[in-house]
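Peer 1: Below you'll find the structure I mean.
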Amino acid sequence: MTTIQTQRVIIVGAGLGALYAALKLAPRPVLVISPETLGEGASSAWAQGGVAAAMAAGDTPEAHALDTEYAGAGTVDAAVARLVTAEARRHILDLTDLGTPFDRDASGGYVMSREAAHSTARVVRVKGDQAGREIMQTLIAEVRQTPSVQVAEGVIASGLEVEGGKVTGVWVERAHEPSGRTLVRAPAVLLAGGGSGGLFAVTTNPPRIRGQVIGMAARAGARIGDPEFMQFHPTAIATGEDPAPLATEALRGEGAILINNRGERFMLAVHELAELAPRDIVARAVYLERQAGREPALDTRAVLGEEVLTRFPAVAEACKRAGIDPVSQPIPVAAAAHYHMGGVDTDHEGRASLGNLWVCGEASSTGLHGANRLASNGLLEALVYARICALGIDKALGTPSPADLVTLNFPPGAEAIDEAAVARLRHAMTDGVGVVRDASGLTGTLRVIAGIEAVATSESMRNMTATATLIAAAALKRRESRGGHYRSDYPQADPAQAERTHMTLAEALEIRTRALEET
76 MTTIQTQRVI IVGAGLGALY AALKLAPRPV LVISPETLGE GASSAWAQGG
126 VAAAMAAGDT PEAHALDTEY AGAGTVDAAV ARLVTAEARR HILDLTDLGT
176 PFDRDASGGY VMSREAAHST ARVVRVKGDQ AGREIMQTLI AEVRQTPSVQ
226 VAEGVIASGL EVEGGKVTGV WVERAHEPSG RTLVRAPAVL LAGGGSGGLF
276 AVTTNPPRIR GQVIGMAARA GARIGDPEFM QFHPTAIATG EDPAPLATEA
326 LRGEGAILIN NRGERFMLAV HELAELAPRD IVARAVYLER QAGREPALDT
376 RAVLGEEVLT RFPAVAEACK RAGIDPVSQP IPVAAAAHYH MGGVDTDHEG
426 RASLGNLWVC GEASSTGLHG ANRLASNGLL EALVYARICA LGIDKALGTP
476 SPADLVTLNF PPGAEAIDEA AVARLRHAMT DGVGVVRDAS GLTGTLRVIA
526 GIEAVATSES MRNMTATATL IAAAALKRRE SRGGHYRSDY PQADPAQAER
576 THMTLAEALE IRTRALEET
């Protein structure tokens with residue numbers, strides 16, 4: 076076993092939350108663990124809509140908080156909603172100062188987009204649908220110029236070392252070739268490694284975002300919050316690509332409508348807000364149209380015409396790859412796993428249940444999103460909690476100590492991940508833990524997960540199966556429908572269950588064992 080001791084704070088992940096936290100920790104030395112070259116493979120860079128913030132005249136953080144609670148279907152932590160929405164403006168101005176080219180009007184004001192379940196136009200955007208990529212490029216440029224930040228590229232974290240209830244180190248290995256593991260011991264660890272959408276066969280997430288960081292924490296004993304609540308985006312572009320390209324919600328904010336192959340605008344009969352209803356409602360309607368063979372599609376022709384090509388370049392490029400002309404044709408869409416409301420359970424200061432461990436971004440479960448995330452609150456939460464975690468780490472560690480660069484040497488060994496097993500896991504999750512769930516499908520998926528787990532040889536695979544088990548077991552336990560969690564055998568919300576889930580992996584495994592014994 077190779078062990079390295081460092082005084083650097085370890086940040087696992089290289090998306091928006093990770094990089095923003097690294098900058099907020101400066102000049103404290105940090106080591107960022109990045110599976111890819113910075114800017115590649117992070118969900119943040121793929122985000123199209125933007126950052127939700129009450130920047131417009133007449134809008135308020137209080138109104139934003141109320142919209143967050145409404146969308147979250149009864150389980151949002153109201154204190155967290157107030158905290159995050161009150162901090163939003165600060166971070167937009169901070170990113171602007173760093174050079175993020177937010178869209179501005181002729182008078183210099185921020186151009187705001189309207190997205191689902193917002194009571195007003197409240198999403199600050201960049202070049203139409205380029206917010207995530209542009210914000211990430213801004214942060215990467217700043218990180219590259221910050222001497223206190225060391226980035227280890229092509230490296231993944233695969234485990235946490237815990238002693239006496241406190242995290243003391245992170246096991247790392249090569250990301251792109253089999254290797255043995257190296258233990259890096261550090262005074263504090265921040266997990267910012269993304270969510271779990273890639274555990275599903277139909278997803279908008281980058282290939283590496285498959286719940287590994289959440290599973291790693293769960294296997295170390297950390298408490299997990301709200302794992303059953305997965306958000307399915309209603310308008311992934313259904314062209315067979317994996318991952319599925321995204322048709323940003325801002326298109327519907329501009330007035331694009333959802334139709335089926337009969338030309339029917341089906342959302343009018345589903346919800347009073349039609350296409351701008353909360354995401355879970357729109358996603359379920361799109362899913363059911365597709366299940367019925369009515370081929371749902373997003374129609375931008377009347378409201379955007381040729382402007383869709385210039386104002387929404389990511390959508391235009393995805394359509395071009397598939398031979399679709401959005402100027403003259405509707406865009407075929409499907410509901411796809413998009414954002415995990417669940418994650419490592421944290422307190423209001425971003426601390427996990429294990430000592431020396433902080434979590435921000437999609438890997439965390441702060442209570443902000445409840446059962447259904449409000450559109451464009453994801454990037455906002457990552458920004459706010461990256462700063463909160465950085466402040467907490469600074470306070471806990473006191474005066475920064477000098478730190479040498481970390482040299483990672485990996486011993487030979489380790490098994491390559493079984494891609495066929497990953498494919499089986501992803502299809503089982505989509506089939507049994509997807510947009511519409513029931514006890515039979517959930518139990519069947521738990522059985523598949525248990526079988527894959529029993530023969531898994533890589534730590535990354537075991538991390539994936541841990542997160543998948545937590546999602547499916549919590550979904551089986553919650554016998555009601557709420558937000559992103561819809562049970563066809565319990566289709567109504569139960570007021571008695573209007574509370575968050577807190578679960579350890581051991582508890583999830585008990586649920587799995589009982590379910591499999593009963594069938």
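When the letters of the sequence shown are read in order and numbered with the working numbering, they come out as residues 76 to 594.
Cβ atoms here follow ideal geometry from the backbone N, Cα and C, with glycine treated the same way.
This one's a predicted model, so the numbers in the text were calculated from it and none came from an experiment.
1) Considering only DSSP beta bridges, list what Pro-407 is partnered with.
2) Got a sec, what are the start and stop residues for the beta strand (DSSP E) Asp-420 sits in?
3) Are the beta-carbon atoms of Thr-314 and Pro-407 separated by less than 9 Å?
4) To the nearest angstrom, how far is the alpha carbon of Gly-92 from that of Pro-302?
5) Taking the Cβ atom as the reference point for each residue, do Gly-436 and Ser-119 lie within a distance shorter than 9 Å?
6) So which of Gly-509, Arg-83 and Leu-443 has the shortest CA-CA distance to Val-155?
7) Considering only residues of the same chain and omitting the five flanking positions on each side of Asn-538, which have a CB-CB separation below 6 Å?
8) Which runs of the alpha helix (DSSP H) spanning at least 4 residues fall entirely within the segment 85-159, listed in chain order?
9) Give me the residue from Met-342, Glu-370 and Thr-243 with the minimum Cα distance to Val-357.
10) Run through the segment 439-507 for me and flag every whole alpha helix (DSSP H) of 4 or more residues, listed as ranges in chain order.
11) Which value, in whole angstroms, describes the spacing of the CA atoms of Leu-266 and Asp-152?
12) DSSP state of Tyr-362, grouped into three classes?
13) Measuring straight from C-alpha to C-alpha, what distance separates Ile-524 and Gly-147?
14) Give the straight-line distance between the Cα atoms of Thr-81 and Val-245, rounded to the nearest whole angstrom.
15) DSSP three-state call for Ile-312: helix, strand or coil?
16) Checking the sheet assignment: what are the DSSP bridge partners for Ala-548?
17) Would you call Met-130 buried or exposed, if buried means 16 or more other Cβ atoms sit within 10 Å of its Cβ?
18) Quick one, which of Leu-384, Ile-399 and Gly-269 has its alpha-carbon nearest Gly-418's?
19) To which residues of the same chain is Ser-563 closer than 6 Å at the C-beta, ignoring the five residues directly before and after it?
20) Would you check if the segment 158-175 and the segment 457-471 touch, i.e. whether three or more CB-CB distances between them fall below 8 Å?
21) Taking 9 Å as the cut-off, decide whether the C-beta atoms of Asn-336 and Arg-359 are in contact.
22) If you follow the beta strand (DSSP E) that Gln-287 is in, where does it begin and where does it stop?
23) Under the rule that 16 or more other beta-carbon atoms within 10 Å means buried, what is Asn-431, buried or exposed?
24) Which residue's Cα is closest to the Cα of Gly-338: His-502, Pro-405, Ala-543 and Asp-317?
25) So is Gln-205 buried or exposed if we call it buried at 16+ other beta carbons inside 10 Å?
26) Please work out which residues of its chain come closer than 8 Å, Cβ to Cβ, to Ile-61, disregarding the five sequence neighbours upstream and downstream, and give them in chain order.
27) Could you give the first and the last residue of the continuous alpha helix (DSSP H) run that contains Gln-225?
28) Mind checking which residues open and close the beta strand (DSSP E) that includes Arg-249?
29) Quick check: what's the CA-CA separation for Val-259 versus Pro-353?
30) How would you label Glu-347, buried or exposed, when you count the other beta carbons within 10 angstroms and need 16 or more for buried?
31) If you run the structure through DSSP and keep just helix, strand and coil, what is Met-536?
Peer 2: Once the coordinates are examined:
1) Pro-407 pairs with Ala-372.
2) Looking at the DSSP string, the run of the beta strand (DSSP E) that includes Asp-420 is 418-420.
3) Yes, Cβ-Cβ distance for Thr-314 and Pro-407 is below 9 Å.
4) The straight-line gap from Cα to Cα measures roughly 20 Å.
5) Their beta carbons are under 9 Å apart, which means Gly-436 touches Ser-119 by this criterion.
6) It is Leu-443.
7) So the qualifying residues of the chain are Gln-287, Gly-290 and Met-291.
8) Those alpha helix (DSSP H) runs which fall completely within the segment 85-159 and span 4+ residues are 91-100, 118-121 and 136-146.
9) Comparing C-alpha distances from Val-357 to each of Met-342, Glu-370 and Thr-243 shows the shortest one belongs to Met-342.
10) Runs of the alpha helix (DSSP H) inside the segment 439-507: 452-472 and 494-507.
11) Answer to the nearest angstrom: the Cα atoms are 21 Å apart.
12) Helix, per DSSP.
13) Between Ile-524 and Gly-147, the C-alpha separation is close to 29 Å.
14) Their backbone Cα atoms lie some 11 Å apart in a straight line.
15) Ile-312 falls in the strand class under three-state DSSP.
16) As computed with DSSP, Ala-548 is found in no beta bridge at all.
17) That one is buried.
18) For Gly-418, the nearest C-alpha among the options comes from Gly-269.
19) Result list for Ser-563: Val-511 and Asp-513, in chain order.
20) Contact holds: three or more Cβ-Cβ distances are below 8 Å.
21) Against a cut-off of 9 Å, the Cβ pair of Arg-359 and Asn-336 comes out as no contact.
22) Gln-287 -> not in any beta strand (DSSP E); alpha helix (DSSP H) instead, spanning 287-294.
23) By the Cβ-count criterion, Asn-431 is buried, with 16 or more other Cβ atoms from all chains shown falling within 10 Å of its own Cβ.
24) In this structure, Pro-405 is the residue among His-502, Pro-405, Ala-543 and Asp-317 with its C-alpha nearest to the C-alpha of Gly-338.
25) Buried: at least 16 other Cβ atoms inside 10 Å.
26) No statement about residue 61 is possible, as the shown extent of the chain runs from 76 to 594 and does not include it.
27) Going by DSSP, Gln-225 is part of no alpha helix (DSSP H) but of the beta strand (DSSP E) stretching over 224-228.
28) Arg-249 -> beta strand (DSSP E) spans 241-249.
29) The straight-line gap from Cα to Cα measures roughly 43 Å.
30) By the neighbour-count rule (16 or more Cβ atoms within 10 Å), Glu-347 is not buried but exposed.
31) DSSP places Met-536 in helix when its eight states are reduced to three.
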